[in-house]
Amino acid sequence: MKIGKGLSVVIQLVAYALATVVAVVTWRLYPELDDLWRLAAADAAATVFIFITSLMFNNSSMYDPYWSVKPAVIATGFAVLFGLDSFPAIVLFILMHLYNLRLTSNFWRDWPGLIHEDWRYQDFRRNFPKAYWFISFTGIHFFPTLMVYLACIPLYFGMKLDFEMSWIGWLGAAITLAAVVIAFVADEQMRSFRKKPENKGKNMDEGLWKYSRHPNYFGEIMTWWGIWLIALNANFDYWWTGVGALAITVMFVFISIPMMDKRSLQRRPNFEEYMKRTWMIVPIPRK
């Protein structure tokens, strides 16, 4: 039985609602733990639940919205826990929901439903058939969960503590907002390009893509550096929370983008030449 897009969206909505319930129950089970450890336990439990749904539907793309939904859910949880009594907390709450709206809507607009699975997951299926679900659990589900968990740690301090926004905080907010806008523009430019039949198999080299091969990822990366700056504004002792933004940067630069560029080199004419005249991430002109 093929599951259409409408039913697929309903299935994902129900799955993520139940995963949120699982996370809340797990949070309440460990009141003796430090908040960040409770968050880690809740996050892990929700990830396990989504992995089970991936098994049920034999499709690891059930996990794909987790990356964008989770930060907004965490921000909402902190809003319930600490309130929205401080201006930085309100700013972070709004920024995370804008991020969620941009990325989740982008996924659902292009997603054909559970008849589709990300090409990277399909490659793992073909190359490692016996180990696929172990790879799915550790690499496709838990590794990204860990990355976003680390990136969300600054939210905890930024929303818990009461402090005035200095230029550092305002800079962080501006960077995050600009990053969300850049990623949105990049996605819309790519969507418009792909809609034209004559562009099938061609390189996208218009708009932001004229200067960067992955301007949407530039927006993704800068989102988290901006969030970190707001936490740094709260107290410079929280400099270490930048480990999340750093981890996401490393993941994109050394794992995600090389995988995509390798595939493009195999499938698109003139992509090697396109690589030579563009930056990997930053959408600025080359000299």
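Numbered per numbering that gives the first Met the number 0, the sequence shown spans residues 0 to 286.
No residue lacks a Cβ here, since even glycine has one placed at the ideal position from N, Cα and C.
These numbers come from a predicted model, not from an experiment.
- Across the set Ile93, Phe50, Val147, Tyr65, the C-alpha of Val147 shows the shortest separation from the C-alpha of Val249.
- Straight-line measurement puts the Cα of Phe123 at about 6 angstroms from the Cα of Tyr131.
- A straight-line Cα-Cα distance of about 46 angstroms links Asn234 and Phe127.
- Taking all protein chains shown into account, Ala16 has fewer than 16 neighbouring C-beta atoms within 10 Å of its C-beta and is therefore exposed.
- Remark: C-beta atoms of Ile49 and Tyr65 approach each other more closely than 8 angstroms.
- In the three-state scheme derived from DSSP, where H, G and I count as helix and E and B as strand, Ser211 is classed as strand.
- Of Glu219, Tyr210, Phe253, Ile139, the smallest CA-CA separation from Ala178 is found for Glu219.
- Look at Trp110 here: in three-state DSSP terms it is coil, with no helix or strand label.
- For Trp278, the pairing in a beta bridge is given by DSSP as Ser211.
- The continuous stretches of alpha helix (DSSP H) do not include Phe251, and DSSP gives it neither H nor E.
- With contacts defined by Cβ atoms closer than 8 angstroms, Arg285 and Trp278 form a contacting pair.
- By the neighbour-count criterion, in which a residue is buried when 16 or more other Cβ atoms sit within 10 angstroms of its Cβ, Met55 is exposed.
- If you draw a straight line from the Cα of Asn58 to the Cα of Ser165, it comes to about 46 angstroms.
- Close CB contacts of Leu176 within its chain, under the 7 angstroms cut and outside five residues either way in sequence, are with Leu94 (chain order).
- The residue from Phe77, Lys275, Ala18 with its alpha-carbon nearest to that of Ser53 is Ala18.
- If you look at Phe127, you'll find it isn't in any alpha helix (DSSP H); DSSP assigns it neither H nor E.
- Rounded to the nearest angstrom, the gap between the Cα atoms of Ser255 and Asn232 is 30 angstroms.
- Shown here, Lys69 sits in a helix according to DSSP, grouped into three states.
- Here the segment 37-46 lies against the segment 135-149, with 3 or more beta-carbon pairs under 8 angstroms apart.
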